[in-house]
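Keeping their order, the protein sequence lines are chains A and B.
Here the first sequence is numbered in the numbering used here, starting from 1 and rising by one per residue.
Here the second sequence is numbered in the numbering used here, starting from 337 and rising by one per residue.
Quick notes on the structure that follows.
Protein chains: 2
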Amino acid sequence: MKVAIVGASGAVGQEFLRVLDEQNFPIDELLLFGSERSAGRVYNYRGKDITVQLLREEPEDFKGVDFVFASAGASVSKKYADVITRHGAIMIDNSSAFRMDSDVPLVVPEVNGEDAFNTPRGIIANPNCTTAIMVVALKPINDISPIKRVHVATYQAASGAGQSGMDELVRQTAELVEGKEATVEKFAYQLAYNLIPHIDVFTDNDYTKEEMKMFNETRKIMHAPEMSVSATCVRVPVVRAHSEAVWVETEEPVSVERVREAFEKAEGLVLIDNPAEKKYPMPLDAAGKDPVYAGRLRADLANPCGLTFWLVGDQIKKGAALNAVQIAQYMIRHRR
Amino acid sequence: MKVAIVGASGAVGQEFLRVLDEQNFPIDELLLFGSERSAGRVYNYRGKDITVQLLREEPEDFKGVDFVFASAGASVSKKYADVITRHGAIMIDNSSAFRMDSDVPLVVPEVNGEDAFNTPRGIIANPNCTTAIMVVALKPINDISPIKRVHVATYQAASGAGQSGMDELVRQTAELVEGKEATVEKFAYQLAYNLIPHIDVFTDNDYTKEEMKMFNETRKIMHAPEMSVSATCVRVPVVRAHSEAVWVETEEPVSVERVREAFEKAEGLVLIDNPAEKKYPMPLDAAGKDPVYAGRLRADLANPCGLTFWLVGDQIKKGAALNAVQIAQYMIRHRR
Numbered sequence: 001m002k003v004a005i006v007g008a009s010g011a012v013g014q015e016f017l018r019v020l021d022e023q024n025f026p027i028d029e030l031l032l033f034g035s036e037r038s039a040g041r042v043y044n045y046r047g048k049d050i051t052v053q054l055l056r057e058e059p060e061d062f063k064g065v066d067f068v069f070a071s072a073g074a075s076v077s078k079k080y081a082d083v084i085t086r087h088g089a090i091m092i093d094n095s096s097a098f099r100m101d102s103d104v105p106l107v108v109p110e111v112n113g114e115d116a117f118n119t120p121r122g123i124i125a126n127p128n129c130t131t132a133i134m135v136v137a138l139k140p141i142n143d144i145s146p147i148k149r150v151h152v153a154t155y156q157a158a159s160g161a162g163q164s165g166m167d168e169l170v171r172q173t174a175e176l177v178e179g180k181e182a183t184v185e186k187f188a189y190q191l192a193y194n195l196i197p198h199i200d201v202f203t204d205n206d207y208t209k210e211e212m213k214m215f216n217e218t219r220k221i222m223h224a225p226e227m228s229v230s231a232t233c234v235r236v237p238v239v240r241a242h243s244e245a246v247w248v249e250t251e252e253p254v255s256v257e258r259v260r261e262a263f264e265k266a267e268g269l270v271l272i273d274n275p276a277e278k279k280y281p282m283p284l285d286a287a288g289k290d291p292v293y294a295g296r297l298r299a300d301l302a303n304p305c306g307l308t309f310w311l312v313g314d315q316i317k318k319g320a321a322l323n324a325v326q327i328a329q330y331m332i333r334h335r336r
Numbered sequence: 337m338k339v340a341i342v343g344a345s346g347a348v349g350q351e352f353l354r355v356l357d358e359q360n361f362p363i364d365e366l367l368l369f370g371s372e373r374s375a376g377r378v379y380n381y382r383g384k385d386i387t388v389q390l391l392r393e394e395p396e397d398f399k400g401v402d403f404v405f406a407s408a409g410a411s412v413s414k415k416y417a418d419v420i421t422r423h424g425a426i427m428i429d430n431s432s433a434f435r436m437d438s439d440v441p442l443v444v445p446e447v448n449g450e451d452a453f454n455t456p457r458g459i460i461a462n463p464n465c466t467t468a469i470m471v472v473a474l475k476p477i478n479d480i481s482p483i484k485r486v487h488v489a490t491y492q493a494a495s496g497a498g499q500s501g502m503d504e505l506v507r508q509t510a511e512l513v514e515g516k517e518a519t520v521e522k523f524a525y526q527l528a529y530n531l532i533p534h535i536d537v538f539t540d541n542d543y544t545k546e547e548m549k550m551f552n553e554t555r556k557i558m559h560a561p562e563m564s565v566s567a568t569c570v571r572v573p574v575v576r577a578h579s580e581a582v583w584v585e586t587e588e589p590v591s592v593e594r595v596r597e598a599f600e601k602a603e604g605l606v607l608i609d610n611p612a613e614k615k616y617p618m619p620l621d622a623a624g625k626d627p628v629y630a631g632r633l634r635a636d637l638a639n640p641c642g643l644t645f646w647l648v649g650d651q652i653k654k655g656a657a658l659n660a661v662q663i664a665q666y667m668i669r670h671r672r
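Right, here's the structure in full:
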């Protein structure tokens, strides 16, 4: 396989290098692309130094490439999609640029891997991090009884704002420990010792774009146009794993025991749920790990058709780079 | 008024001193009580040094006292309630010891102040912090259309575990900045840069006691035996204000505009809700403040009879000391 990473110097770009290695992805040649700021940097992949090339409007640069993992923001993805896919490369795009386009599949392999093959434009979209983490747990429940409603409060790590987001949290924390004022650049307000109930821009209905992604992307991935998701997305002073408190309402009542069994068997999901021994998922434990972790599973005391649980997943792994690589792996494994 | 504070050296005890002063509470004489560890310490109240007396089984110590603010834990409250109330003092107890007793009113003055007068044992219970903060916002909605269901995810500050909880978060943060391992003593796990979905002990239904307090205490305060609350309570690395993402379902649909007006008029509640200008409540801003702050008010996309909003309130103020003092103020103002 000839593989390219676009946005190689970013937090997700760097994670692509690690994930491709960890997953033992079949790579014959790896190309790295980036902005002017990043071009010329050298990264090592399996003992070989690779120089970041400038991303430019030159389709020949992507000739012969099988998979392109893109994570350089929506505007870059839009601008270069034609260049990247011109010669038949499959572009797996981590940005929000194409996610809701009807001719671009939005894929979480554990849920709707088959959709990856329905790609007239050669583009496959990688979902928003919180959605990717959530649908891995919704799928096994939806298979038992269709989910009608989801209420979800997120606890999102600084990593969702990229490397500079993580750097800002760590820097602010050090400044506060040293008795200084926290410097605010990336986030709207100080994040250290604080919570910011605002991720991405606000939309007309007073939900943020991040919250509406959870509404729209969940419907698309789950093939559930009637499923409704009301999300409150909150940035928390955690470095890199996202957490979510989720309530679901199913059409028919589903027992906690049945969901527990389904969670235990579910692909991509690891159940950590032993309250007596203080076992439940926490972001500190999930950072850098592949699976989505579920715990605190119990009946919804406010809804006879309801269940509630707690999810934690690494935002850069399943929330971004890992899911994109898993899409390519699915396509290779189920090649048509 | 002759006033006593039991547990004077604790985080809430110290806040009682500040709140009584700020509220200009009519005090002629102030007595401080504490454990053996705290007895003998001297605190200044309005220019006068007051020595902490040892709390002992001696009813004469509370003779002539009008109000006793107790915050020394449930076991101390249970042990000394008779001693404290023997000569007619009203004991306003911050612990969970008596909250669900049918002959002890559980009071948030903005919601059910009148209940304070129905106190056969001379004991009035102060609710759990998350409940006290939430019911201030539930009340104005419930007055428009009865609330049937509440789903709430909390983001609870270290202060809920007392002064030692706050100290532990700050110490852990400094340790991490210095490249050391975080020392874990008070909380079950490292709290700095982490989230712990576990507050108080687990109960038989896999909810924690903290979560069941939100279920049971809300019903009692709101006089709503049918209202159901499903809560997920999470400790977050914030020093002292609690936040809550709340969804409510009312019997009849209620417009966001109507709730907005009700919130603007509601006692004890301040609406900060201007997304265009990035105005919403945050714990860093609410720390040390009296009101409960509400924001992010919008329709519940997953429920036609639903609304959702974000609350922030100082855990030691409205969540503890302030509410207790407000109960006493209510009783003085509406004296019978």
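Built from N, CA and C at the ideal position, the CB exists for glycine as well.
- Put simply, the backbone Cα of A:F202 is about 15 Å away from that of B:F645.
- DSSP places B:T644 outside any alpha helix (DSSP H); the residue lies instead in the beta strand (DSSP E), whose first and last residues are G642 to D650.
- With its beta carbon at least 9 Å from every one in chain A, B:N464 lies outside the interface.
- Cβ neighbours of A:V238 within its own chain (closer than 6 Å, five residues either side excluded): A157 and P283.
- In this structure, the alpha-carbon of B:K653 lies about 28 Å from that of A:L169.
- With the rule of 3 Cβ pairs closer than 8 Å, the segment 503-519 of chain B does not count as touching the segment 587-597 of chain B.
- For the pair B:M427 and B:S413, the CB atoms are nearer than the 9 Å cut-off.
- Interface residue (Cβ-Cβ distance to chain B less than 9 Å): A:M331 is not classified as such.
- Within the model, the alpha-carbon separation for A:V270 versus A:G13 is close to 26 Å.
- Each residue's CA atom was taken as its position, placing A:M222 and A:G165 some 30 Å apart.
- Inter-residue distance for B:A528 and B:T509 is about 6 Å (C-alpha atoms, whole angstroms).
- Comparing alpha carbon positions, the residue from A:V246, A:A328, A:E264 and A:G306 closest to A:V135 is A:V246.
- For B:G624, no CB of chain A lies under 9 Å from its own CB, so it is not counted at the interface with that chain.
- Judged by beta-carbon spacing, A:R56 lies beyond the 9 Å limit of A:S9, meaning their Cβ atoms are not closer than that value.
- B:F538 is bridged by DSSP to B:T544.
- With respect to the C-alpha of A:N128, the residue from A:E251, A:R46, A:Y80 and A:G160 having the closest C-alpha is A:G160.
- The criterion of a C-beta distance shorter than 9 Å is not satisfied by B:G649 and B:A461.
- With a threshold of 9 Å between beta carbons, B:A602 makes no contact with chain A.
- Annotated as proximal: A:F67 and A:A328, with beta-carbon spacing under 9 Å.
- Rounded to whole angstroms, B:A489 and B:D418 show a C-alpha spacing of 37 Å.
- Taking the CA atoms as reference points, B:L474 sits about 8 Å from B:I483.
- Taking B:V339 as reference, the option from B:I420, B:S371 and B:V444 with the minimal CA-CA separation is B:I420.
- Counting only residues of its own chain and dropping the five nearest sequence neighbours on each side, B:F352 has a CB closer than 8 Å to the CB of I341, A344, F405, S407, A657, A660 and V661.
- Per DSSP, A:E217 has no beta bridge partner at all.
- Residue pairing from DSSP places A:G34 in a beta bridge opposite A:L54.
- Secondary structure of A:R298 (DSSP, three-state): strand.
- When the Cα atoms are used, A:A39 and A:V65 turn out to be separated by approximately 19 Å.
- Counting only residues of its own chain and dropping the five nearest sequence neighbours on each side, B:P456 has a CB closer than 8 Å to the CB of D439.
- Collapsing the DSSP output to three states places B:F434 in coil.
- Along the segment 495-528 of chain B, the positions whose C-beta sits under 9 Å from a C-beta of chain A are L505, V506, T509, A510, L512, V513, E514, A524, Y525, Q526 and A528, read in chain order.
- Per DSSP, the unbroken alpha helix (DSSP H) holding B:E446 starts and ends at P445 to N448.
- Contact note: B:R671 does not reach chain A at a C-beta cutoff of 7 Å; the least C-beta distance is about 38 Å.
- At least 9 Å separates the beta-carbon of B:P441 from that of B:A433.
- For A:Y330, the uninterrupted alpha helix (DSSP H) segment begins and ends at L322 to R333.
- With 16 or more other Cβ atoms from the protein chains shown falling within 10 Å of its own Cβ, B:G604 counts as buried.
- The alpha-carbon of A:A188 is positioned some 8 Å away from that of A:I196.
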